[in-house]
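To start, the structure under review is shown below, and the notes come after it.
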Amino acid sequence: MTSDTVITLNLDGKKIILLGTAHISSRSAEEAGLIIRSENPGLVCVELDKKRYEALTQKDNWENLDIIKVIREGRGFLLLANLVLAGFQRRLGNETGARPGEEMKAAIEAADELNIPYKLCDRDLQITLRRAWESCGFWSKCKLLASLFSSAFTNEKFDSGEIENLKQQSELDGMMAELSGYLPSVKKTLIDERDEYLAAKIWEGVREKEVNCAVAVVGAGHIAGLAARLEECSKQSAPVSVDELEKIPPKSWIGRALPWAVPVLILGLIALGFAHAGINAGLDSIVRWLLWNGSLAAAGAALALGHPFAIIAAFVGAPIGTLSPIISVGFFAGIAQALARRPRVADAVSLSADAASLKGVYKNRITRALLVFFLSGIGGAIGNFISIPVLTRVLF
213 MTSDTVITLN LDGKKIILLG TAHISSRSAE EAGLIIRSEN PGLVCVELDK
263 KRYEALTQKD NWENLDIIKV IREGRGFLLL ANLVLAGFQR RLGNETGARP
313 GEEMKAAIEA ADELNIPYKL CDRDLQITLR RAWESCGFWS KCKLLASLFS
363 SAFTNEKFDS GEIENLKQQS ELDGMMAELS GYLPSVKKTL IDERDEYLAA
413 KIWEGVREKE VNCAVAVVGA GHIAGLAARL EECSKQSAPV SVDELEKIPP
463 KSWIGRALPW AVPVLILGLI ALGFAHAGIN AGLDSIVRWL LWNGSLAAAG
513 AALALGHPFA IIAAFVGAPI GTLSPIISVG FFAGIAQALA RRPRVADAVS
563 LSADAASLKG VYKNRITRAL LVFFLSGIGG AIGNFISIPV LTRVLF
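Structure, rendered in structure tokens:
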């Protein structure tokens with residue numbers, strides 16, 4: 213059985229059927245159940261990790277989310293990115309009448325119905341996001357952020373026919389080529405590494421269960437790479453290790469030095485102002501930096517429609533966050549917003565749905581706090597970069 217979205221491999225006497233799906237396609241869900249029931253394999257593998265499996269098979273449970281703890285631990289951006297991506301898929305699913313991940317759920321239900329064991333084969337999403345983020349340089353991070361939020365909140369509509377076209381190899385080849393040119397490091401993390409990870413886990417399951425036939429339900433974008441990786445796995449006598457793919461890469465020396473370099477540079481310029489241009493110039497340097505840094509951080513909080521206390525906290529806290537390599541610039545604003553407008557149970561219950569639209573992000577108190585944290589941090593960072601040449605000019 214071979215087509216654009218179904219590939220059958222015969223490796224070392226094992227039959228592995230790869231079903232490529234669109235994650236928001238009702239037709240994909242039907243195909244997954246049909247193939248599993250017709251083949252009756254010894255193992256079903258799905259492109260899910262434990263957390264996404266729980267989110268898919270259980271009711272969304274955000275009631276215990278402590279947004280202040282999330283911001284305090286520095287996980288605010290990752291949570292916001294995760295929610296935006298989930299909301300984007302949910303919005304597309306609403307347009308096509310299919311819940312995101314429905315084909316994975318259909319595959320698991322078919323396996324349960326036939327008493328077939330199933331295996332969760334994907335890498336933890338948080339690890340993937342963190343590896344993708346750490347793999348980017350400064351400009352790639354900017355491009356990734358722009359791409360993420362522009363695609364998430366676009367008003368473009370998709371119908372079910374366009375979603376089905378995403379499963380065709382010609383469409384996917386063009387998308388992958390575009391992603392490779394636009395953000396090659398992100399494409400490597402999101403696609404290539406996960407091809408390797410999925411293949412290792414699928415082959416591990418086939419060997420452990422000692423089955424002759426397995427069905428793997430994965431996104432269509434992984435089909436070609438996964439087939440090649442599985443062939444490589446079948447030629448190795450020892451189990452394929454994925455330990456390296458589960459590690460968060462250490463920051464480059466630039467990434468480690470930057471949190472220290474910015475405050476050292478700013479304090480150095482202010483000190484030079486006092487030493488070489490006099491007390492008045494030194495005080496002028498301090499005032500200029502405080503105004504640029506604090507004002508733009510406050511502007512970011514205001515853009516997020518933050519509470520007045522959060523805007524004040526952004527102005528006052530941004531200089532403290534700038535001079536501390538440990539505390540982020542948006543830390544105080546995000547905490548102030550969460551305290552001034554404490555999230556309600558209703559916000560937790562509707563979190564996934566609200567993250568699907570810009571209006572919902574602003575309405576929900578949880579995502580509003582994250583947005584205040586994020587935009588005030590961006591504003592403060594811009595203020596720092598603007599203030600550096602301003603402080604330099606004060607010296608002369």
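Quick note on numbering: the sequence shown equals residues 213 to 608 in the numbering used here.
Each residue gets a CB set at the ideal place from its N, CA and C atoms; glycine is no exception.
Nearest residue (CA-CA) to residue i, options the options
i, options, result
"residue 347", "513, 442, 508, 399", "399"
"residue 226", "330, 442, 589", "442"
"residue 483", "498, 546, 508", "498"
"residue 396", "344, 490, 251, 478", "344"
"residue 582", "597, 535, 519", "519"
"residue 517", "479, 531, 535, 588", "588"
"residue 209", "447, 474, 337", "Nothing can be reported for residue 209: it is not among the residues displayed for the chain, which extend from 213 to 608."
"residue 248", "422, 420, 429", "429"
"residue 578", "565, 279, 465, 405", "279"
"residue 292", "586, 596, 556, 595", "586"
"residue 597", "415, 288, 474, 245", "474"
"residue 451", "420, 555, 564", "420"
"residue 281", "551, 234, 469, 514", "551"
"residue 502", "415, 243, 479", "479"
"residue 687", "488, 243, 277", "Nothing about residue 687 can be reported from this structure: the residues present for the chain run from 213 to 608 only."
"residue 234", "435, 448, 463, 521", "435"
"residue 449", "466, 415, 463", "415"
"residue 463", "489, 268, 349", "349"
"residue 521", "285, 584, 284, 313", "584"
"residue 564", "268, 258, 465", "268"
"residue 239", "313, 283, 468, 251", "313"
Extent of the continuous beta strand (DSSP E) to which residue i belongs
i, result
"residue 229", "226–233"
"residue 331", "330–332"
"residue 220", "218–223"
Same chain, Cβ closer than 7 Å to residue i, five either side skipped, listed in chain order
i, result
"residue 477", "600"
"residue 471", "537"
"residue 444", "none"
"residue 411", "438, 441, 442, 445"
"residue 223", "442, 443, 446"
"residue 590", "512"
"residue 514", "523"
Boundaries of the alpha helix (DSSP H) in which residue i is found, first to last residue
i, result
"residue 431", "From DSSP, residue 431 is part of no alpha helix (DSSP H) but of the beta strand (DSSP E) over 425–431."
"residue 263", "262–269"
"residue 401", "No alpha helix (DSSP H) holds residue 401; DSSP gives it neither H nor E."
"residue 505", "491–515"
"residue 547", "543–552"
"residue 561", "557–561"
"residue 438", "435–446"
"residue 454", "Run containing residue 454: none; DSSP gives neither H nor E here."
"residue 255", "Segment 255–258 is the beta strand (DSSP E) holding residue 255; no alpha helix (DSSP H) there."
"residue 279", "279–284"
"residue 535", "520–535"
"residue 251", "238–251"
"residue 324", "314–325"
"residue 575", "570–575"
8 Å CB neighbourhood of residue i in its chain, flanking five on each side removed
i, result
"residue 215", "Low per-residue confidence applies at residue 215: pLDDT is 46, beneath 50, and the placement is therefore not dependable, though the value from the model is reported in the following sentence. Excluding residues within five positions, none has a Cβ falling inside 8 Å."
"residue 500", "599, 602, 603, 606"
"residue 580", "516, 517, 518, 549, 553, 573, 574"
"residue 592", "505, 506, 508, 509, 512, 526, 530, 533, 534, 541, 542"
"residue 418", "226, 228, 255, 426"
"residue 245", "318, 319, 321, 322"
Proximal residues to residue i (C-beta, below 6 Å), its chain only, five neighbours per side dropped
i, result
"residue 330", "256, 320, 323"
"residue 265", "332"
"residue 454", "409, 412"
"residue 559", "576, 577, 578"
"residue 539", "533"
"residue 595", "504, 505, 508"
"residue 327", "none"
"residue 486", "494"
"residue 481", "603"
Nearest-angstrom beta carbon gap, residue j and residue i [assumed within contact, 8 Å]
i, j, result
"residue 241", "residue 325", "Wrong, their Cβ atoms sit about 14 Å apart, outside the cutoff."
"residue 340", "residue 406", "7 Å"
"residue 423", "residue 253", "7 Å"
"residue 334", "residue 402", "Incorrect: roughly 11 Å between the Cβ atoms, too far for contact."
Proximity test, Cβ basis, 9 Å: residue i and chain C
i, result
"residue 574", "No chain C appears in the structure shown, which is made up of a single protein chain."
Pairing CB atoms from the segment 450–458 with CB atoms from the segment 522–529, are three or more of them under 8 Å?
no
Okay, do the segment 564–583 and the segment 487–504 touch, 3+ Cβ pairs below 8 Å being the bar?
no
How about the segment 539–551 and the segment 502–521: do they share at least three Cβ pairs that are nearer than 8 Å?
yes
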